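Asker:
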Amino acid sequence: MKTDIQIAQESELLPIKDIAEKLSLSEDSYDQYGKYKAKIKLNALNDLSDDEDGKLILVTAINPTPAGEGKSTVTIGLGDALRKIGKNAMIALREPSLGPVMGVKGGATGGGRSQVLPMEDINLHFTGDMHAITTANNALSALIDNHIHQGNELNIDPRRIIWKRVVDLNDRALRHVTIGLGGPMQGVPREDGFDITVASEIMAILCLATDLDDLKKRLSNIIIGYTYTREPVTVGDLRVEGALALLLKEALNPNLVQTIYHTPALIHGGPFANIAHGCNSVIATKTALKMADYVVTEAGFGADLGGEKFMDIKVPNLGKTPDAVVIVATIRALKMHGGVPKNELTVENVDALRAGFANLQKHIENMQLYNVPVIVAINEFVSDTDKETAYLFELCEQLRVPVSVSQGWEKGAEGVTDLAEKVVETINTMESRYTPLYHSGSGIEQKLEAIVTKIYGGKDVSLSQKAKKQVKEFQKYGWDRLPVCMAKTQYSLSDDPHRLGRPTDFTISIREFVPKLGAGFIVALTGDVMTMPGLPKEPAANKMNVDSQGNATGLF
Numbered sequence: 001m002k003t004d005i006q007i008a009q010e011s012e013l014l015p016i017k018d019i020a021e022k023l024s025l026s027e028d029s030y031d032q033y034g035k036y037k038a039k040i041k042l043n044a045l046n047d048l049s050d051d052e053d054g055k056l057i058l059v060t061a062i063n064p065t066p067a068g069e070g071k072s073t074v075t076i077g078l079g080d081a082l083r084k085i086g087k088n089a090m091i092a093l094r095e096p097s098l099g100p101v102m103g104v105k106g107g108a109t110g111g112g113r114s115q116v117l118p119m120e121d122i123n124l125h126f127t128g129d130m131h132a133i134t135t136a137n138n139a140l141s142a143l144i145d146n147h148i149h150q151g152n153e154l155n156i157d158p159r160r161i162i163w164k165r166v167v168d169l170n171d172r173a174l175r176h177v178t179i180g181l182g183g184p185m186q187g188v189p190r191e192d193g194f195d196i197t198v199a200s201e202i203m204a205i206l207c208l209a210t211d212l213d214d215l216k217k218r219l220s221n222i223i224i225g226y227t228y229t230r231e232p233v234t235v236g237d238l239r240v241e242g243a244l245a246l247l248l249k250e251a252l253n254p255n256l257v258q259t260i261y262h263t264p265a266l267i268h269g270g271p272f273a274n275i276a277h278g279c280n281s282v283i284a285t286k287t288a289l290k291m292a293d294y295v296v297t298e299a300g301f302g303a304d305l306g307g308e309k310f311m312d313i314k315v316p317n318l319g320k321t322p323d324a325v326v327i328v329a330t331i332r333a334l335k336m337h338g339g340v341p342k343n344e345l346t347v348e349n350v351d352a353l354r355a356g357f358a359n360l361q362k363h364i365e366n367m368q369l370y371n372v373p374v375i376v377a378i379n380e381f382v383s384d385t386d387k388e389t390a391y392l393f394e395l396c397e398q399l400r401v402p403v404s405v406s407q408g409w410e411k412g413a414e415g416v417t418d419l420a421e422k423v424v425e426t427i428n429t430m431e432s433r434y435t436p437l438y439h440s441g442s443g444i445e446q447k448l449e450a451i452v453t454k455i456y457g458g459k460d461v462s463l464s465q466k467a468k469k470q471v472k473e474f475q476k477y478g479w480d481r482l483p484v485c486m487a488k489t490q491y492s493l494s495d496d497p498h499r500l501g502r503p504t505d506f507t508i509s510i511r512e513f514v515p516k517l518g519a520g521f522i523v524a525l526t527g528d529v530m531t532m533p534g535l536p537k538e539p540a541a542n543k544m545n546v547d548s549q550g551n552a553t554g555l556f
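In full-length UniProt numbering, the protein residues as written are 1 to 556.
(1) Tell me, please, whether the segment 52 to 63 touches the segment 309 to 326 by the rule of three or more beta-carbon pairs shorter than 8 Å.
(2) Specify whether the segment 120 to 127 and the segment 145 to 155 touch according to this definition: at least 3 beta carbon pairs, one from each stretch, less than 8 Å apart.
(3) Report the three-state DSSP secondary structure of Met102 (helix, strand or coil).
(4) Among Lys290, Ala487, Ala243, which residue has its Cα nearest to the Cα of Thr526?
(5) Assign Arg172 to one of three DSSP states: helix, strand, or coil.
(6) Any idea what DSSP makes of Asp293, helix, strand or coil?
(7) Taking the alpha-carbon of Ile133 as reference, which of His498, Asp495, Leu252, Glu380 has the nearest alpha-carbon?
(8) Does the contact criterion of 3 or more C-beta pairs under 8 Å hold for the segment 353 to 369 versus the segment 328 to 335?
(9) What is the C-beta distance between Val523 and Cys485, in whole angstroms, given that I count them as a contact (C-beta under 8 Å)?
(10) Put residue 557 into one of helix, strand or coil per three-state DSSP.
(11) Which parts of the segment 260 to 322 are runs of the alpha helix (DSSP H), unbroken and 4 residues or longer, counting only runs that do not cross its ends?
(12) I need the boundaries of the beta strand (DSSP E) containing Lys22, first residue and last residue.
(13) Might you give, ordered along the chain, the residues of its own chain that have their beta carbon closer than 7 Å to the beta carbon of Ala67, omitting 5 neighbours on each side?
(14) Report all residues from its chain with a CB closer than 8 Å to the CB of Asn155; omit the five preceding and five following residues, and keep chain order.
(15) Is Glu512 helix, strand or coil when you go by DSSP?
(16) If we count the other Cβ atoms within 10 Å of its Cβ and call it buried at 16 or more, is Asp50 buried or exposed?
(17) What's the call for Gln398, buried or exposed, on a 16-neighbour Cβ count within 10 Å?
(18) On the premise that Leu493 lies in contact with Asp312, defined as a C-beta separation below 8 Å, what is that separation, rounded to the nearest angstrom?
(19) Can Gly110 and Ser72 be called in contact, C-beta distance under 7 Å?
(20) Flag this pair as yes or no: are the beta carbons of Leu244 and Leu219 separated by less than 7 Å?
(21) Short of 6 Å in beta carbon distance, which residues of its chain neighbour Lys479, apart from the five on each side in sequence? Order them along the chain.
(22) What residues in its chain sit with their C-beta under 6 Å from that of Asn379, if we drop five residues either side in the sequence?
(23) Could you have a look at Ala377 and say whether DSSP puts it in helix, strand or coil?
(24) Do the CB positions of Asp168 and Leu98 come within less than 7 Å of each other?
(25) So, are the CB atoms of residue 558 and Ile91 less than 7 Å apart?
(26) Let me know if Ala142 comes out buried or exposed under the rule of 16 or more other beta-carbons within 10 Å of its beta-carbon.
(27) If contact is defined by three or more beta carbon pairs under 8 Å, each pair taking one atom from either stretch, is the segment 365 to 381 in contact with the segment 431 to 440?
(28) Flag this pair as yes or no: are the beta carbons of Ile196 and Met532 separated by less than 7 Å?
(29) Whole angstroms is fine: what's the gap from Met291's alpha carbon to Leu42's?
(30) Please identify the residue among Ile444, Gly106, Lys314 whose C-alpha is closest to the C-alpha of Glu538.
(31) Note down, in chain order, each residue of its chain lying with its Cβ closer than 8 Å to the Cβ of Leu48, except the 5 sequence neighbours on either side.
(32) Below 8 Å CB to CB, which residues in the same chain sit around residue 572 once its five sequence neighbours on both sides are set aside?
(33) I'd like the ranges of any alpha helix (DSSP H) spanning at least 4 consecutive residues and lying wholly in the segment 196 to 246.
(34) Bridge partners for Gln186 per DSSP, in chain order?
(35) Assuming contact is defined by CB atoms lying nearer than 7 Å, are Val257 and Val116 in contact in what I supplied?
(36) Of the residues Ile40, Glu449, Leu238, which one's Cα is nearest the Cα of Ile19?
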């Protein structure tokens, strides 16, 4: 069986100018980054501003397991299949982060016959967006420490700086560091730490900004720390938002690539879904909506994380609600949620499937809370039996939810046409009447209660003493009216990664909040979720290599 990278390397790509011509883009509307990649200029979106938006399809999933769900594979396959059945479709995805790529995933561009290309470039350095965000983030860190070293006019308390440095790798050794050692010429000693680049607020800002002016405004609102009198200090106070925007001006332009079937795809931005909001950029999604009749996009991890954040954080910034939501599940993963260990997933087990279906059912209910039509996509594995598939269909039909088997990995667009037809039929026959989960004017604790009780199915929220103190502080500044972005494990509806399926009677513990005023939300840190992940015992990087001709191997 061929690997994903072998399939990608054997695929024939069209020159990116041919893909741009499909979208009626003039040569002045984009910059080529080599033969197969381009960045669309923001003026192209301005030229399309009066055009009607296409239909938006959000792809999300059940809680991920080591068995694999294949959300990106389904997203890409669905975009290809929509074009195959005669629809003008585009795909809008997040950019992969080197941390997960070299840690667990090994690649994040789909799989099999449902991939975006050039796969190697996208998974590695792509067009340099991650480097631009890393540089802007760390430039701000350098400017903060220089300001303190040069006299500290703003009276910043080095003990209360909340802005961290970043690197686009999983490096647990950098979570907590001490900087400025070595005497007066080396700066002011203080504790610091590193997050992964995709957890940076600058990443979140890039993905929510609508243009350069909005980018600068959001950058100026970033809280970097507090004074000795405990007043917040912003980037605007440092007067460096212009310099940061300058570093990001090219990164703000969405990236144009293609699938194996030459479907146009915009891949832009990549905030973590269990730390930030987990969706590709507003600019990329808006651009695709103006250029296509159907746009397929995805949210990170399960519907409890990426799906909820898409609805409650991205939608208000995008100004467009999904016309349909596709929830991806696999029979393997549902059996794992039903209690089957990974090494026994190939054995038929309808009882475990029945038990694990509770996880899928909860995610269906969650998306239906927003009053949007829902379709279930079963991403097929060779170990699935006819009896298991038929039973899963029966369970979905009992909930009156359309369901389709997706065979995109093996068959590409041909294997996803049934799903594409059901998505189009659902959009044509069922109206999306988006309803937000909570009122924007409600307080932090009310928003937390709504997310925990309605989306997670928990019974209560517990705040640490630090978090309670922060709530009062945020109320003083009016920050409590911002949306809440939950930083939670992706593996469970609860904050315990080991509680699979559909746990009940649990409490979500909030240890602290982090104000992200530039992004426009408050991050709530739960459990022991990390903003700098670590590498597994056997990282995907161990299998990666490059031959004498420069061809990559080991990306999968």
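C-beta: ideal position from N, C-alpha, C; glycine also. Given the structure is predicted, the values throughout are model-derived calculations rather than measurements.
Answerer: The structure says:
(1) yes
(2) no
(3) helix
(4) Ala487
(5) helix
(6) coil
(7) Leu252
(8) yes
(9) 5 Å
(10) Here the chain covers residues 1 to 556 and nothing more, so residue 557 does not appear.
(11) 282 to 291, 315 to 318
(12) From DSSP, Lys22 is part of no beta strand (DSSP E) but of the alpha helix (DSSP H) over 16 to 22.
(13) Thr330, Arg332, Ala333, Met336, Lys342, Leu345
(14) Thr227, Tyr228, Thr229
(15) strand
(16) exposed
(17) exposed
(18) Not confirmed; about 17 Å, so no contact.
(19) yes
(20) yes
(21) The sequence shown places Trp at residue 479, not Lys. Correct list, in chain order: Pro515.
(22) Gly70, Val74, Val328, Thr330, Ser406
(23) strand
(24) yes
(25) Coverage of the chain is limited to positions 1 through 556, which leaves residue 558 absent and any answer about it impossible.
(26) exposed
(27) yes
(28) yes
(29) 14 Å
(30) Gly106
(31) Thr287, Lys290, Met291
(32) Nothing about residue 572 can be reported from this structure: the residues present for the chain run from 1 to 556 only.
(33) 201 to 208, 212 to 220, 235 to 238
(34) DSSP lists no partner for Gln186.
(35) yes
(36) Ile40
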